[in-house]
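In our numbering, the protein residues as written are 16 to 296.
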């Protein structure tokens, strides 16, 4: 009974070993292939990265403020200009303000105030109170301020700065010193932030170019080192093969030489007879 149990255990053990061996062999084969597979993956990734033009790696897009900051600047500028327009018309066209029952600047949007200021029927009342005639480009930018603020149009930081600069000029036309002072401070602060953002982006791009150049240089030396290593391995393999041939074939040549010497020693010069064949010369 014990012998049967032992036999069954040994049989099950041998079966387990037979099942385990192929798995171990598979693991070994996969382990052997893993480094080569990893090398191929890395090579493929490097080719994909290096195939891209360098300009794609750099951030050459214009600078933007976060939209919340942009919207705050534009809506604030719009409000200041609306207040400036209302104050100007209170001075120039008080009857119109009273008849329309406009109590504050918020009753109309900025573009509505502009329509009144450029309306030919009020030209005789408005132009004498202007510091100088409206510039077409400034009026266009003032309308753009309202449009970008209302329709939430993403605008570059430099364009936002230009819009505020036009708002400064517009406030100067209306001779509103309070609004002019506030807008000039706003424009000055924006200019500082815009210059800082653009400077930081330029420096970041230069640093990126420097890093990319360094990586390309490292790649070049890595490839040269790889080739040099392969050549050394190739040369060493050649030496080993040469030694192998010398060991194998050189030993056989020694055996052949020894056989030739033995035959010469057995050669009987007086009888001119070869011992092996018994022939007489």
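Glycine included, each C-beta is placed from N, C-alpha and C at the ideal position.
- Under the 10 Å beta carbon count, residue 264 is surrounded by fewer than 16 other beta carbons and is classified as exposed.
- Here the alpha carbon of residue 187 sits roughly 15 Å from the alpha carbon of residue 156.
- Annotated as distal: residue 171 and residue 107, with beta-carbon spacing of 9 Å or more.
- The stretch 181-199 and the stretch 210-223 do not touch, with fewer than three beta-carbon pairs separated by less than 8 Å.
- Between the stretch 137-156 and the stretch 225-242, the count of Cβ pairs shorter than 8 Å is below three; the stretches do not touch.
- Residue 145 sits in coil when the DSSP states are folded into three classes, being neither helix nor strand.
- Counting only runs of 3+ residues, no beta strand (DSSP E) is found wholly inside the stretch 164-247.
- Using a Cβ distance threshold of 9 Å, residue 181 and residue 160 count as a contacting pair.
- Per DSSP, residue 79 lies in no alpha helix (DSSP H) and is assigned neither H nor E.
- Here residue 102 really is in contact with residue 191; their C-beta atoms are around 6 Å apart, less than 8 Å.
- In the same chain as residue 125, and ignoring 5 residues on each side of it, the C-beta atoms closer than 6 Å to its own belong to 93, 96, 97 and 161, in chain order.
- Counting C-beta atoms within 10 angstroms of its own C-beta, residue 76 has fewer than 16 neighbours from the protein chains shown and is therefore classed as exposed.
- By the neighbour-count definition (other C-beta atoms within 10 Å, threshold 16), residue 119 is an exposed residue.
- Short of 6 Å from the beta carbon of residue 185, and not among the five residues preceding or following it, lie these beta carbons of its own chain, in chain order: 153 and 157.
- Our two residues, residue 247 and residue 227, have alpha carbons roughly 30 Å apart in a direct line.
- Going by DSSP, residue 130 is part of the alpha helix (DSSP H) stretching over 125-132.
- For the 9 Å CB-CB criterion, residue 202 and residue 183 form a contact.
- With respect to residue 189, residue 146 sits close: the two C-beta atoms are nearer than 9 Å.
- The C-beta of residue 131 has 16 or more other C-beta atoms within 10 Å across all chains shown, which makes the residue buried.
- With 16 or more other Cβ atoms inside 10 Å of its own Cβ, residue 80 counts as buried.
- For residue 133, the number of other beta carbons within 10 angstroms of its own is below 16, and it is reported as exposed.
- Residue 176 counts as buried, since no fewer than 16 other beta carbons sit within 10 angstroms of its beta carbon.
- Look at residue 118 here: in three-state DSSP terms it is coil, with no helix or strand label.
- Exposure of residue 260 is indicated by the presence of fewer than 16 other C-beta atoms within 10 angstroms of its C-beta.
- With a contact defined as Cβ atoms closer than 8 Å, residue 100 and residue 128 qualify at about 4 Å.
- CA-CA distance, residue 112 to residue 91, rounds to 23 Å.
- DSSP places residue 150 outside both helix and strand once states are collapsed to three, so it counts as coil.
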